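Okay, so here's the structure we're looking at.
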Amino acid sequence: MSYHEAPTIAASDAPRLEQDDRPTLRFVTCGSVDDGKSTLVGRLLYDSKTLLDDQLDALASESRTVGTTGGDFDFALLVDGLQAEREQGITIDVAYRFFATKLRRFIVADTPGHAQYTRNMATGASNADLAVVLVDARKGVITQTRRHSHILSLLGIRHVVLAVNKMDLIGFDGDRFAAITAEYLTMAGQLGISQVQCIPVVAPDGDNIVAASARMPWYAGPTVTAYLESVDVSGDVSQRPFRLPVQWVNRPHAEFRGFCGRIASGTVAIGETIAVQPSGRQTRIARILIPGGERDRAAAGESVTLTLTDEIDVSRGDVLTAGPAPQVSDQLAAHLVWFDDEAMVAGRRYLLKCGAASTGAVITTLKHRIAIDTMAHESAATLDANQIGYAHLSLDRPLVFEAYRDDRDMGSFILVDPISHRTAAAGMIDLSLRRATNIHWQRLAVDKPVRAQLKQQRPCVLWFTGLSGAGKSTIADLVDRRLAELGRHAALLDGDNLRHGINRDLGFSNADRAENVRRTAEIAALFVDAGMIALVALISPFRNERELARQRVEAGEFIEIHVATPLAECEHRDPKGLYRKARAGELPSFTGIDQPYEMPRAPEITIDTSEKCRPTRPASASSVISGTITICSGGSGRLPGPAIAQKSEAMPLRSQSP
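So this is what it looks like as structure tokens:
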């Protein structure tokens, strides 16, 4: 097969990409839907003679059958390979393509323009050095142009080609081009995008793509290809302090222990003193190994295995450093681009992954959300899919990081929903809040064991969860009464009662529900620390929030009791008339009707009160306390660990209670 003829580069000048040492530029194309991103990439592939004869034949055939150009080459088909993309004439997923010219090799990520696929655009731009932003000359700078440009700014991309496409549809009007570029340059300045090259193009015809356009004599700047070949995007990453996030501890046999990873910045040499973060322990480099053998020195971008002169503890997720120490903190401020269709909820737990390090994280506060059209900071309680905001995060353990503006590798992270395992957001670290070093636990002489010994009981949390009307409060009240009869020190935190006091400012949105559970869990943990038994009767519809409550106390101190009465039975009882109002549309966001309830996967106790208790064998509230429960014909379970109380008289449940 031979390469097709083109006027700019001979076929013999198109060797395999991996067989030469030309520098490589990674760039991303972005912009709104139908602005011509895929067409521009396809034209670049065509004019760079990357296409073989059979690919050209397939392009000609597909252009006639599924193309949108009236039988002419539809260059977008070279990139849009999904059936849905071809049917709709849009880009949905990120498509990576490779091509080369005499001066440079290129890896281009063609990204979708629809707002609902903003997460795909951010993914494609995350590793790019430059962005080509397309604008339809008829529409100018629109909301999606601003959204994508804002994401480029957050991702640290400072070189942008503004390709004003479809100039033929406005009669090659130079004044219109000037107005669009002026508007974009103003916005780019606000975003901190320092290098913008504006080029008028007609992507299908190749105007100003490879060759200068004779139809726009008023434009004297470079073509797209010429600019991509000459732009200098090299940074000073090799001049920055040495950083190597450890991805793998290589231990093939007892005589070798190596630490593998890709050098994020700086250089390292044999004999150099380094530190292991976050522990801060120091050692020296003994050997530097690469796939081809050993080296005396290695630099940023290289994947290496390092051995150390001392046997010290180094684990996956640690960072080997030299020079000024990186930041280490468990409290961060960061920009977030929200990906998940499930809205962000402050107080909800996520898994944060930064390089090879992973830790639990909670978004404590959303400071502001970006209004894309005006670029203003607006107050908000949550982020929906494709929205951008600035938040504070609290981590389970200290993270070694750099500010994203200084180091893209060590300053970026993703948030993963631990339940659905979906990527919830991409984050760019701005700064450390430094609370971890400013606030310390105050040691107290009288602690939880002392208080528990005084009360002669094992402190714990009995967490009753279930739908409204399931019987949580009734059962919890019976258990509380029996504990009082036994002389135990307990406190009942009922969801309705709390909303008259400490939670009176909260509504029933997902964010407010999460905060409701968080506050209640903190209060329950304080009771446990005081040596008491805390009973919580709360719908608490989300597993994530209940798991967060469990983690506020020690192992074995949280007993989840699922009052698993079916929805139909709860709605039949409807003791407060809430289901009737919800069905009538008078009570929005009601759990079980138009808001989900996530049942516990492995509760310590499950109770089904849908059947009346058997009068011949009355169940006792004390059986919950002593460790075995048989309250109604469908419910049974056993508490782990030692019993709270060993023996008590039976107290029948009221058979008519909900």
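FYI, in the working numbering the residues of the sequence shown are 656 to 1313. Glycine included, C-beta positions come from ideal geometry on N, C-alpha and C. Since the structure is predicted, the reported quantities are computational estimates derived from the model, not experimental observations.
| query | result |
| --- | --- |
| Limits of the unbroken alpha helix (DSSP H) element including T1332 | Absent from the structure is residue 1332, since the part of the chain shown begins at 656 and ends at 1313. |
| Of the residues T928, V901 and V931, the one placed nearest R917, counting alpha carbons only | V901 |
| Length of the line joining the Cα atoms of V796 and T1037 | 27 Å |
| Beta-carbon spacing of A764, V816 below 7 Å | no |
| Reference L1153; option with closest CA among I854, E1140 and I1178 | I1178 |
| Cβ-Cβ distance between L1193 and G1247 below 7 Å | no |
| Exposed unless 16 or more other CB atoms sit within 10 angstroms - verdict on G1124 | buried |
| For D1229 and F610, the rounded distance between their alpha carbons | The structure shown does not extend to residue 610, since the chain is modelled only from 656 to 1313, so the question has no answer here. |
| Buried versus exposed call for A834 [16 or more other C-beta atoms within 10 Å across all chains shown] | exposed |
| Residues sharing a beta bridge with H1047, DSSP | A988 and T1020 |
| Rounded C-alpha distance that separates A953 from R1159 | 60 Å |
| Rounded separation between T1283 and N775 - CA only | Any reading at T1283 must be qualified, since the residue scores a pLDDT of 37, below 50, and its modelled position is unreliable; the value itself is stated next. Whole-angstrom Cα-Cα distance: 51 Å. |
| When A1081, R1004 and L899 are compared against A977, the one with the closest alpha-carbon | L899 |
| C-beta atoms of V983 and P946 nearer than 7 Å | no |
| In DSSP terms, what R939 is bridged to | T928 |
| Cβ pair count under 8 Å reaching 3, the segment 777–792 against the segment 678–698 | yes |
| Whole-Å CB distance - F1056 paired with I1084, under 8 Å assumed | 5 Å |
| V1134: first and last residue of the uninterrupted alpha helix (DSSP H) it sits in | K1127 to E1140 |
| Of the listed residues A837, H805, R698 and A1131, nearest to F754 (C-alpha basis) | R698 |
| Environment of D1249 [buried if 16+ CB atoms lie within 10 Å] | exposed |
| Residue environment, P872, which counts as buried when at least 16 other CB atoms sit within 10 Å | exposed |
| For T1264, the three-state DSSP class (helix, strand or coil) | coil |
| Cα-Cα separation, L1050 to H1227 | 43 Å |
| Outcome for E1209 when other beta-carbon atoms lying within 10 angstroms are tallied against a minimum of 16 | exposed |
| Spatial distance of A1100 from E1202 (CA atoms) | 30 Å |
| Status (buried if at least 16 other CB within 10 Å, exposed otherwise) for A875 | exposed |
| Sequence-distant residues of the same chain with beta carbon closer than 6 Å to A1031, five excluded per side | none |
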